[in-house]
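Working notes, beginning with the structure itself.
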Amino acid sequence: MMNRMGGVNEIDELSTPYALTADQMAAYQQNGYVKLKDVFSPALLATYGAQITRVVQERNTQHLPLAERGTYAKAFLQITNLWEHDAIVKEFVMAKRLGQIAAQLMQVRGVRLYHDQALFKEPGGGFTPWHADQYYWPMSNDNTVTAWIPLQPVPLAMGPLAFCIGSQHLLANRDVAISDESEQKISRSLKDYPKDETAYALGEVSFHAGWTFHRAGPNNTDQMRGVMTVIYMEDGMKVAEPKNQSQQNDWARWLPGAQV
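Taking numbering that gives the first Met the number 0, the leading residue of the sequence shown gets 0, the next gets one more, and so forth.
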């Protein structure tokens with residue numbers, strides 16, 4: 000178990016509300032995402048980022064060279080539900096600050112954790128194809144959101160998350176899993192829509208809706224792009240009948256015992 004560098008101050012920061020502005024909340028509703036500055040301090044990210052990285056290294060089972068992997072495996076190392084395996088990471092994932100932001104942005108009374116996942120794009124790692132997260136989730140409504148939390152600054156060369164502005168309302172290609180096919184088909188369908196691909200400062204966190212189309216470029220640096228994500232659903236969310244095998248798998252893994 001890690002000894003915290005700051006302890007009490009970091010716990011306070013995780014539980015202190017973040018002051019969202021009316022413009023930020025309106026931007027999320029209109030655009031399907033919002034990027035927020037200074038959600039976490041550099042000190043907190045250094046502490047929890049080190050532990051998240053340690054757990055990722057311990058639980059990673061992908062050891063093939065990048066050249067021998069397919070597109071999805073080249074995009075990132077993916078480790079899910081770190082909170083189940085480490086008490087310190089659990090503090091971060093369960094941060095009241097993140098949950099408060101998620102609830103306010105979605106304009107709901109409360110949220111529940113769906114699951115977390117670390118997405119570590121290795122040096123030389125490939126692009127992340129266009130996709131929408133909610134393709135994978137057997138949810139009865141659209142009140143879902145992902146917090147995308149870089150553990151270091153993410154310049155353009157490192158592959159920051161890019162969004163198609165307002166795409167949460169588009170119905171085309173919601174049935175396509177993340178793949179080379181999704182990159183091609185969704186890219187064509189979004190060609191006339193505005194995009195936002197900008198760097199992330201340290202402490203900046205984005206929140207994107209479940210049906211917002213997004214992607215990331217390759218990591219053309221010599222450093223790991225460490226990102227922690229936390230996925231929320233509206234409190235009281237009902238399970239929907241799975242529409243694909245991925246939703247069936249998610250139901251079994253993240254919602255055991257829940258009934259449609």
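Backbone N, C-alpha and C define an ideal beta-carbon position, used for all residues, glycine too.
What three-state label does DSSP hand Ala257 in the structure shown? coil
Please confirm whether Ala72 and Gln56 have their CB atoms less than 8 angstroms apart. no
Cross-strand partners of Tyr231 (DSSP beta bridge): DSSP lists Leu112 and Val144 as the bridge partner or partners of Tyr231.
Continuous alpha helix (DSSP H) stretch holding Asp191: start and end: Unbroken run through Asp191: none, as it is neither H nor E.
Buried or exposed: where does Pro149 fall if 16 or more other Cβ atoms within 10 Å of its Cβ makes it buried? buried
Mapping DSSP to helix, strand and coil, what is Thr162? Inspection of the sequence shows that residue 162 is occupied by Phe rather than by Thr. Strand, per DSSP.
May I have the straight-line CA-CA distance separating Glu180 from Asn8, to the nearest angstrom? Distance between the alpha carbons of Glu180 and Asn8: 46 angstroms.
Could you check the C-alpha separation between Arg3 and Ala49 for me, to the nearest Å? Confidence at Arg3 is low in this model, with a pLDDT of 49, below 50, so the placement of that residue is unreliable and no value is reported for it.
Mapping the DSSP letters down to three states, classify Pro64 as helix, strand or coil. coil
Please list the segments of the beta strand (DSSP E) lying wholly inside the stretch 68 to 107, counting only runs of 3 or more residues, in order along the chain. Counting only runs that start and end inside the stretch 68 to 107, the beta strand (DSSP E) elements of at least 3 residues fall at 76 to 79.
Bridge partner(s) assigned by DSSP for Phe206: Val33 and Ala146
With which residues is Met138 paired in a DSSP beta bridge? Val238
Quick one: give me the first and last residue of the alpha helix (DSSP H) that Arg53 is part of. Pro41 to Arg58
Gln116 to Gln77, Cα distance in whole Å? Cα-Cα distance, rounded: 7 angstroms.
Any idea which residues DSSP pairs Gly225 with across the strands? Phe119
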